[in-house]
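By the count of our numbering, the sequence shown reaches residue 524 at its end, each step adding exactly one. Built from N, CA and C at the ideal position, the CB exists for glycine as well. Written below as structure tokens is the structure these notes are about.
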Amino acid sequence: MANGREERNIVMFPFMAHGHLNPFMALARELERKEGYTITIVNTPLNIQRLKSSLPSQTNIRLAEIPLNGTKYGLPPDAENTDTLSHEFMGCFLEASENLISPFKNLLIDITRHDGRDPVCIISDMFLGWTVKVANELGIYHTVFIAGAGYSMAIYFSTSLNIHQSQTDDQEFLLPDFPEASKIQKSRLGIDLKFTDGTNSWWRFRSHQFSLCLCSDAILLNTIEGLGDIGVKYFNRKMGGKPIWMIGPTCSYNQEKRGEKLSSKTDSCCEWLDLHPPASVLYVSFGSYSNILPSQMMELALGLEASNKPFIWVIRPPYGFNITEEFRAEWLPLGFEERINEKNQGLLVHKWAPQQEILSHKSTGAFLSHCGWNSVLESLSQGVPIIGWPLAGEQCFNSQMLENEVGVCIEVARGVDSATVKHDEVARLIKVVLGKTEKGEEMRKKAYQMKEKMEDALREGGLEGSSIKAINDFLGTATSIKKSSLPSDPSLP
């Protein structure tokens, strides 16, 4: 590979959340393999430290810090990531993120001065749409990396930009700019959209950033052809025909480091899985930030036990409690942990589990998930079907697509405001998916087919896969286009 001075620099800026940092790092590792490029990932100091620990010793990925100054906006000290942030501070965090514009612009100027030329492009997060303004001012090609599914993210964008369409007494409504989606069920809206009047800080932030994203030069989608394609049509229309590249799945950036990073928690999970037959274990996790209500947690625990199927459950404080506090025994049924330990039926893992290692283990047969897109991709890339319990954002639409169009998911509950989840229904669906049922067999077959499609999309050499071709097309376009520097555009939202 050429020396660093001859390489073109790609600047990437993910939002400060675990579910955003991971796919950006995965994409960075993919781009690093292309000859002639250096990757610079921009973020706040604590997130940079976290990313640094995941990089191999020999890498062409640089890490660049910019200060958040969160206390200026009412945040606790060291609050640089949503994963450790209570819901009450989200408004402050969003405001702080919008004020990174000056440090980011100064960093880009420094990069240009150091390299002797502008970066080839900026790849920004969809929650950092303001980077479009910076890119235009400096004459740098800009693209938004949307680390979600085309279909569900199109609905997420459209509902955010047309919030008043959902403010109706009807249980279904239409989106004026996304007619292909047909009628949207209000019950599938995340709690952040279902109960907003269009004035809260989270909605204002999201609608503003999404409007700016649609002024970018292109969009990268973390999906593959044939998985929610009507969403791609939406973005094509909203972008006025600018490029939309499907480059997924990006979900396993740390594979190369697994051997040297196996923790005692990883060992204990894998050793426990080794004790069980193939495709017999249910893995349960609601992501790094989401969780269910205490009452729902009780019903889930009783359902898991009643299913008589082995399970690994990542447990955190329930919704409404500080995510960083210690887990309380009162949140689980009396004697639950003792009973599942005695029968070797369940393994409770606190706060974090090695998800990729668990999903890739031969004993794992299904995943009870919040249907966050990173988790969906990690599950389907291993051919593991999903029991859906979507909670927020676009997750309900991921679950809907995976169940109705792809056939790899069955929904057990929906949202934290759902009071209808009962342990006997939880147990029944677990038995359906893990048991020798017609439905379970069909889901496993379709999940394996999706695994093969993902592998085909990432095929290199000879007949390139669709995602590899899309990445190459994106790089060719970004490298060949020279934008003119523009003054601050008053027409941008």
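Straight-line Cα distance separating residue j from residue i
i    : j    : result
G507 : F176 : 17 Å
S117 : S232 : 15 Å
N285 : G279 : Model confidence at N285 stands at a pLDDT of 41, short of 50, so the residue's coordinates are unreliable; what they give is reported in the following sentence. C-alpha separation (whole angstroms): 16 Å.
A127 : K103 : 8 Å
S84  : L94  : 11 Å
M121 : P107 : 11 Å
G160 : I142 : 21 Å
S515 : N405 : 36 Å
K467 : T395 : 15 Å
P416 : P54  : 21 Å
A110 : S311 : 40 Å
L379 : N339 : 15 Å
G181 : I132 : 28 Å
Y320 : Q426 : 13 Å
L335 : H454 : 8 Å
P150 : L220 : 38 Å
R475 : V439 : 7 Å
F46  : F158 : 6 Å
L465 : G50  : 27 Å
I441 : V457 : 11 Å
G170 : I72  : 19 Å
Y187 : C402 : 14 Å
N137 : G179 : 30 Å
E483 : K470 : 20 Å
P348 : G492 : 47 Å
E373 : L365 : 14 Å
Simplified DSSP assignment, three categories, for residue i
i    : result
F209 : coil
D156 : strand
A110 : coil
I132 : helix
F505 : helix
C440 : strand
A48  : coil
G419 : strand
W383 : coil
Q216 : strand
S498 : helix
N429 : helix
K292 : The predicted position of K292 is uncertain, since its pLDDT is 47 and thus under 50; a value taken from the coordinates is nonetheless stated next. Three-state result, K292: helix.
E287 : With a pLDDT of only 41 at E287, under the threshold of 50, the placement of this residue in the model should not be trusted, and no figure is reported.
H239 : helix
I261 : helix
Pair within 8 Å by beta-carbon distance, residue i and residue j
i    : j    : result
I255 : F266 : no
L125 : L523 : no
L411 : M481 : yes
Y479 : G414 : yes
R582 : P421 : Nothing can be reported for residue 582: it is not among the residues displayed for the chain, which extend from 32 to 524.
R490 : I502 : no
L58  : N78  : no
V263 : I153 : no
R39  : T510 : yes
Run of the beta strand (DSSP E) containing residue i, from where it starts to where it stops
i    : result
G396 : T395 to S400
T71  : Y68 to N74
V447 : Per DSSP, V447 belongs to no beta strand (DSSP E) and is neither H nor E.
I92  : I92 to E96
W344 : F342 to I346
Residue i, buried or exposed, once every other Cβ within 10 Å from all chains shown has been counted against 16
i    : result
A166 : buried
T113 : buried
R64  : exposed
E291 : A caution first: E291 carries a pLDDT of 41, below 50, which makes its placement in the model too unreliable to give a value.
L86  : buried
I323 : buried
I140 : exposed
R359 : exposed
S295 : exposed
H173 : buried
R370 : exposed
T392 : It should be noted that the sequence gives His, not Thr, for residue 392. Buried.
G298 : Going by the sequence as given, residue 298 is Asp instead of Gly. So D298 ends up on the exposed side.
L306 : exposed
M32  : Confidence is the limiting factor: at M32 the pLDDT is only 41, short of 50, which leaves the residue's position unreliable, though a coordinate-based value still follows. It counts as exposed.
P207 : exposed
I512 : exposed
P385 : buried
P309 : exposed
Residue i: first and last residue of the uninterrupted alpha helix (DSSP H) it sits in
i    : result
S191 : G181 to L192
M270 : No alpha helix (DSSP H) holds M270; DSSP gives it neither H nor E.
R64  : First-last for R64: undefined, no H or E at that position.
T162 : T162 to L169
T404 : One point to set straight first is that residue 404 is Trp, not Thr, in the sequence displayed. Here the alpha helix (DSSP H) through W404 covers W404 to L411.
V175 : Segment H173 to I177 is the beta strand (DSSP E) holding V175; no alpha helix (DSSP H) there.
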